[in-house]
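Single-structure report; data block below.
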Ligand SMILES: *Cc1c(COP(=O)(O)O)cnc(C)c1O
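In the numbering used here, the protein residues as written are 1090 to 1473.
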């Protein structure tokens, strides 16, 4: 099976992990802060907090921004469940903003219209979570401008987008947001097996997220409410979690990070090849905007209505031939666990229309051109 995405693990990666296994620390030890510092450096970020998944990072990001019962958080319907669930973990409500028809990212214009209406009803969101779908950055300057006007916070779900750039900024530098979240799941750009990270410019937010990842516990006297009993003393000052990353995972992530730029470049070369080889087929190919550099986590094509077979038939043809095509994403508002809040088909028509036609083709740094050519010939046989 040629999968839609997969990790590349080198001998150096394996050596880095086995070094940790022979060291004094298995769980969070000295390698975690090295990984945090290296990601911050690579992405132009300031403070970085490593956790055991991007889902956990989104959760503590919401908590650190004070999101709770009575608040509403808006995100894109075209995302993985975790971008929305994080608000619900905090007791907040979730609503959605429809996507742009060409980038499949949250539409800044739709956001502006929805905010104007929400202001009239007194139901402005506490935070907005734009998702850099497929690794292509959202219109962050526009979204940030709206945040200044309407007073909401921004968490970028950059699970797909480590290594991406927007204007002259790197995704992760938080120029246009409060917090940026990365995922290091194996299908993403670099991996630590499971793992995630939250980056911020705000030192107080970073300290708060550090506390939340480890039981809400502190050993810093200036964070304590009482007087320290001695050097052994710790206080739980709020309810936190065990969301720590292990040193084994951090060692893998740190070793992978050295190939980040090379891998994103390779994804662009492979995407260029798809663009050329698929140009004559009845498919809408993904748009790469010239003012931003995508990390190209996903290569999604849409099957046009005039194609001889539809998306579902094409999906089965590819799977039967050993190509692990996929679909990103089932719109979150149509999930049964969201429909119970009143969401229904037709609420976010651009996301729903996109979903009916979308299919994700294999794309990862280690995809070889012979395998890519096989995917292309199958598509030609099915669609030409
Ligand atoms: C993968 C993903 C997540 C969750 O990442 P984990 O590290 O698996 O928790 C969140 N948001 C988006 C958009 C993702 O693709």
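Glycine included, every Cβ here is placed at the ideal spot set by N, Cα and C.
_Continuous beta strand (DSSP E) assignments of at least 3 residues falling wholly in the stretch 1367-1421_ = 1388-1392
*Assigned exposure category for residue 1187 - 16 Cβ within 10 Å defines buried*: Here the question's residue 1187 lines up with position 98 in the chain shown. Residue 1187 comes out buried.
_Tell me the rounded alpha-carbon separation between residue 1311 and residue 1122._
Here residue 1311 refers to the residue found at position 222 of the chain shown. Here residue 1122 refers to the residue found at position 33 of the chain shown. Roughly 21 Å separates the two Cα atoms.
*Taking Cβ to Cβ, would you say residue 1375 is nearer than 8 Å to residue 1390?*
As a working mapping, residue 1375 is identified with position 286 in the chain shown. As a working mapping, residue 1390 is identified with position 301 in the chain shown. Yes, these two residues count as a Cβ contact at 8 Å.
*So residue 1268 is in the beta strand (DSSP E); what residue range does that whole segment cover?*
Start at 1 with the first residue of the chain shown, and residue 1268 comes out as number 179. Here the beta strand (DSSP E) through residue 1268 covers 1268-1272.
*asked:* residue 1102 and residue 1344 - do their beta-carbons sit closer together than 8 Å?
replied: As a working note, residue 1344 is residue 255 in the chain shown. As a working note, residue 1102 is residue 13 in the chain shown. Note that the C-beta distance between residue 1344 and residue 1102 is below 8 Å.
*Starting from the C-beta of residue 1170, find all residues in its chain whose C-beta is less than 8 Å away, skip the five residues before and the five after it, and write them out in chain order.*
Stepping through the chain shown from its first residue, residue 1170 is reached at position 81. Closer than 8 Å at the Cβ level, and outside the excluded window around residue 1170, lie 1421 and 1424.
*Neighbourhood of ligand 1 [Cβ distance below 6 Å to any heavy atom], ordered by chain position*: 1142, 1143, 1144, 1168, 1169, 1171, 1172, 1220, 1246, 1248, 1249, 1272, 1274 and 1285
*Would residue 1232 pass as a contact of residue 1270 if the rule is Cβ separation under 8 Å?*
In the chain shown, counting from the first residue as 1, residue 1232 sits at position 143. In the chain shown, counting from the first residue as 1, residue 1270 sits at position 181. Going by C-beta atoms, residue 1232 is not nearer than 8 Å to residue 1270.
*Nearest CA to the CA of residue 1395: which residue from 1091, 1413, 1472 and 1276?*
Your numbering for residue 1395 matches position 306 in the chain shown. Checking every option, the nearest Cα to that of residue 1395 belongs to 1472.
*Environment of residue 1331 [buried if 16+ CB atoms lie within 10 Å]*: On the chain shown, position 242 is the one that residue 1331 refers to. By the 10 Å Cβ count, residue 1331 comes out exposed.
*Using beta-carbon positions only, say whether residue 1145 and residue 1285 come within less than 8 Å of one another.*
Here residue 1145 corresponds to residue number 56 of the chain shown, with the count starting at 1. Here residue 1285 corresponds to residue number 196 of the chain shown, with the count starting at 1. In contact: residue 1145 and residue 1285 (Cβ atoms closer than 8 Å).
*Give the straight-line distance between the Cα atoms of residue 1254 and residue 1134, rounded to the nearest whole angstrom.*
Translated into positions along the chain shown, residue 1254 becomes position 165. Translated into positions along the chain shown, residue 1134 becomes position 45. Residue 1254 and residue 1134: Cα-Cα distance of roughly 13 Å.
_If contact is defined by three or more beta carbon pairs under 8 Å, each pair taking one atom from either stretch, is the stretch 1161-1168 in contact with the stretch 1213-1220?_
yes
*On the three-pair Cβ rule with 8 Å, is the stretch 1176-1184 touching the stretch 1237-1251?*
no
*Taking the alpha-carbon positions, what's the residue 1228 to residue 1196 distance?*
For the purposes of this step, residue 1228 is identified with residue 139 of the chain shown, where counting begins at 1. For the purposes of this step, residue 1196 is identified with residue 107 of the chain shown, where counting begins at 1. Cα to Cα, the separation comes out at about 8 Å.
*asked:* Buried or exposed for residue 1352, going by 16 or more other Cβ atoms inside 10 Å?
replied: Looking up residue 1352 in the chain shown gives position 263. That one is buried.
*If you draw a straight line from the alpha carbon of residue 1261 to that of residue 1140, how long is it in whole angstroms?*
Against the chain shown, residue 1261 aligns to sequence position 172. Against the chain shown, residue 1140 aligns to sequence position 51. Distance between the alpha carbons of residue 1261 and residue 1140 is about 16 Å.
_For residue 1439, which residues in the same chain have their Cβ closer than 6 Å to its Cβ, ignoring the five residues on either side in sequence?_
Stepping through the chain shown from its first residue, residue 1439 is reached at position 350. Cβ within range, chain order: 1187, 1188 and 1190.
_Whether residue 1148 touches residue 1175 by CB criterion (8 Å)_ = Taking the chain shown and counting its residues from 1, one reaches residue 1148 at position 59. Taking the chain shown and counting its residues from 1, one reaches residue 1175 at position 86. In this structure, residue 1148 sits near residue 1175, with a CB-CB distance shorter than 8 Å.
*State buried or exposed for residue 1381, treating a residue as buried only when at least 16 other CB atoms are found within 10 Å of its CB.*
Stepping through the chain shown from its first residue, residue 1381 is reached at position 292. Counting Cβ neighbours within 10 Å, residue 1381 comes out buried, since at least 16 surround it.
*Could you give the DSSP three-state label for residue 1161: helix, strand or coil?*
Along the chain shown, one-based indexing puts residue 1161 at 72. If DSSP states are grouped into helix, strand and coil, residue 1161 belongs with the strands.
*I think residue 1193 touches residue 1443, with their Cβ atoms under 8 Å apart; what is that distance to the nearest whole Å?*
In the chain shown, residue 1193 corresponds to position 104, counting from 1. In the chain shown, residue 1443 corresponds to position 354, counting from 1. Their Cβ separation, rounded to whole angstroms, is 6 Å, which keeps residue 1193 and residue 1443 in contact under 8 Å.
_Quick check on residue 1077: does DSSP put it in helix, strand or coil?_
There is no way to answer for residue 1077, as the model of the chain reaches only from 1090 to 1473.
*Residue from 1283, 1367 and 1449 with nearest C-alpha to residue 1092*: Here residue 1092 is taken as the residue at index 3 of the chain shown, counted from 1. Among 1283, 1367 and 1449, the Cα nearest to that of residue 1092 belongs to 1449.
*Output the boundary residues of the alpha helix (DSSP H) element that contains residue 1460.*
By 1-based counting over the chain shown, the position of residue 1460 is 371. Residue 1460 -> alpha helix (DSSP H) spans 1458-1472.
*Would you mind sorting residue 1104 into buried or exposed? The rule is 16 or more other CB atoms within 10 Å of its CB.*
In the chain shown, the residue the question calls residue 1104 occupies position 15. Burial call: exposed.
_As a quick exercise: from 1137, 1305, 1152 and 1417, pick the residue whose alpha carbon is nearest that of residue 1288._
As a position in the chain shown, residue 1288 is number 199, starting the count at 1. That would be 1137, whose Cα lies nearest to the Cα of residue 1288.
*Can you tell me which of 1318, 1336, 1308 and 1338 puts its alpha carbon nearest to the alpha carbon of residue 1325?*
Here residue 1325 refers to the residue found at position 236 of the chain shown. Cα-wise, what sits closest to residue 1325 is 1308.
*What first and last residue would you give for the alpha helix (DSSP H) that runs through residue 1200?*
Taking the chain shown and counting its residues from 1, one reaches residue 1200 at position 111. It spans 1197-1210 - the alpha helix (DSSP H) in which residue 1200 sits, taken as one unbroken run.
*Roughly how many angstroms lie between the CA atoms of residue 1453 and residue 1401, to the nearest whole one?*
In the chain shown, residue 1453 corresponds to position 364, counting from 1. In the chain shown, residue 1401 corresponds to position 312, counting from 1. Approximately 23 Å, taken between the alpha carbons.
*With a CB to CB cut of under 8 Å and the five nearest residues on each side skipped, what residues in its chain are close to residue 1212?*
As a first step, residue 1212 must be located in the chain shown, where it is residue number 123. Excluding sequence neighbours, residue 1212 sits near 1161.
*Answer yes or no: the CB of residue 1329 versus the heavy atoms of ligand 3, is any distance below 7 Å?*
Ligands in the displayed structure: ligand 1; ligand 3 is not one of them.
*Identify the continuous alpha helix (DSSP H) that holds residue 1103 and give its terminal residues.*
One-based indexing of the chain shown puts residue 1103 at position 14. Segment 1100-1110, the alpha helix (DSSP H) holding residue 1103.
*May I ask which residues mark the beginning and end of the alpha helix (DSSP H) holding residue 1124?*
On the chain shown, position 35 is the one that residue 1124 refers to. Where residue 1124 is concerned, the enclosing alpha helix (DSSP H) stretches over 1120-1132.
_I'd like the span of the beta strand (DSSP E) that includes residue 1285, first residue to last._
On the chain shown, residue 1285 is found 196 positions in, with the first residue counted as 1. 1285-1289 is the span of the beta strand (DSSP E), which, as asked, contains residue 1285.
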